[in-house]
Amino acid sequence: MQLFEARGFDGTSVPLIAQKAGVGIGTIYRYFPTKEALFNAVFLLWKKRFNTVLLAPLPEQIDPAGAFQTYWERAVTWVGQHPVATRFLYLHFHGPHLDEEAQAVESEYLTYVDTFLAWGVGQGVLKPLPRLTFVALFWGSLIGLTKYENPDRDMALDPPTFKATGDALWDALRISDIKETDNG
226 MQLFEARGFD
236 GTSVPLIAQK
246 AGVGIGTIYR
256 YFPTKEALFN
266 AVFLLWKKRF
276 NTVLLAPLPE
286 QIDPAGAFQT
296 YWERAVTWVG
306 QHPVATRFLY
316 LHFHGPHLDE
326 EAQAVESEYL
336 TYVDTFLAWG
346 VGQGVLKPLP
356 RLTFVALFWG
366 SLIGLTKYEN
376 PDRDMALDPP
386 TFKATGDALW
396 DALRISDIKE
406 TDNG
């Protein structure tokens, strides 16, 4: 996974994978007939783990705001525990090398997004945004934080930063209670 994350699919060769794993090339091909098969196995392993964490059942009697907060906290925890896997999934979730099974697991996540958006819009809480916009804002915010983190420049990630970002993101996604007036 580290090689695919750092070098991309095309920049990662089977001999390089074998070298990093400390095994012969034949050992790789004994278990995976192609580099694509290995890539998809790695993607499936980590995407299923991700979905298990992020898409775990929500507490009963939760509203869309509470659900969003729960999803955000789960995503923040996942990123902190699995930074390489997060970047790997983020880089390759739409890649041309994903087989049907990997695409189906990715679609499972998108189905949850659609369900959450329909619920929030139906409750009059969320703006009726396209799925693409929601996913880009949610993951773009989270991935952006991890990319720009630099403790040497007073840009360290900490719980208050993640909370403030989640709150700001929720404010951008929800229908505001405050109505703008024209005072001019």
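The end of the sequence shown is residue 409 by my numbering, with every number in the run present. C-beta: ideal position from N, C-alpha, C; glycine also.
Exposed unless 16 or more other CB atoms sit within 10 angstroms - verdict on residue i
i    : result
Q244 : exposed
E230 : buried
T311 : buried
G409 : Unreliable positioning characterises G409 in this predicted model, as indicated by a pLDDT of 47, which lies under 50. A coordinate reading is not provided.
V248 : exposed
E326 : exposed
T252 : exposed
I287 : exposed
T237 : buried
G347 : exposed
L351 : buried
Beta carbon proximity, residue i to chain C, threshold 8 Å
i    : result
R312 : The structure shown contains no chain C, having only a single protein chain.
Selection from the options that minimises the alpha carbon distance to residue i
i    : options                   : result
R399 : T295, A290 and L323       : A290
D392 : V301, V267, V239 and Y254 : V301
F234 : F313, E298 and Y254       : F313
F341 : V330, Q328, Q227 and P355 : P355
H307 : L279, F363 and T336       : L279
L335 : Q348, H319, G347 and V350 : H319
F387 : D379, S366, A397 and D402 : S366
P384 : T371, G347 and K272       : T371
L362 : Y254, G347 and V338       : V338
T259 : L270, F275, P240 and D402 : P240
I368 : L316, G349, D377 and W344 : L316
L261 : P321, G345 and L283       : According to the sequence displayed, residue 261 carries Glu and not Leu. Residue P321 is the option with its Cα nearest to E261.
S401 : T358, P353 and R378       : P353
T390 : R255, A281 and W297       : W297
N- and C-terminal bounds of the alpha helix (DSSP H) containing residue i
i    : result
F387 : P384 to L398
K372 : R356 to Y373
F268 : K260 to L279
T302 : P289 to Q306
T252 : I250 to Y256
L241 : V239 to A246
L228 : Q227 to R232
Cβ-Cβ separation, residue j to residue i (assumed contact under 8 Å), whole Å
i    : j    : result
M411 : V304 : The chain is shown only over 226 to 409; residue 411 falls outside these bounds and no answer can be derived.
V330 : K273 : 6 Å
A333 : N276 : In the sequence as displayed, the identity of residue 333 is Glu instead of Ala. 6 Å between Cβ atoms; contact.
L263 : I242 : 7 Å
W364 : F293 : W364 to F293, Cβ: 14 Å. No contact.
L323 : F257 : The pair is not a contact, with the Cβ atoms about 15 Å apart (cut-off 8 Å).
Q: Report the residue ranges of all alpha helix (DSSP H) runs contained in full by the segment 315-360; include only those spanning at least 4 residues, in chain order.
A: 325-347
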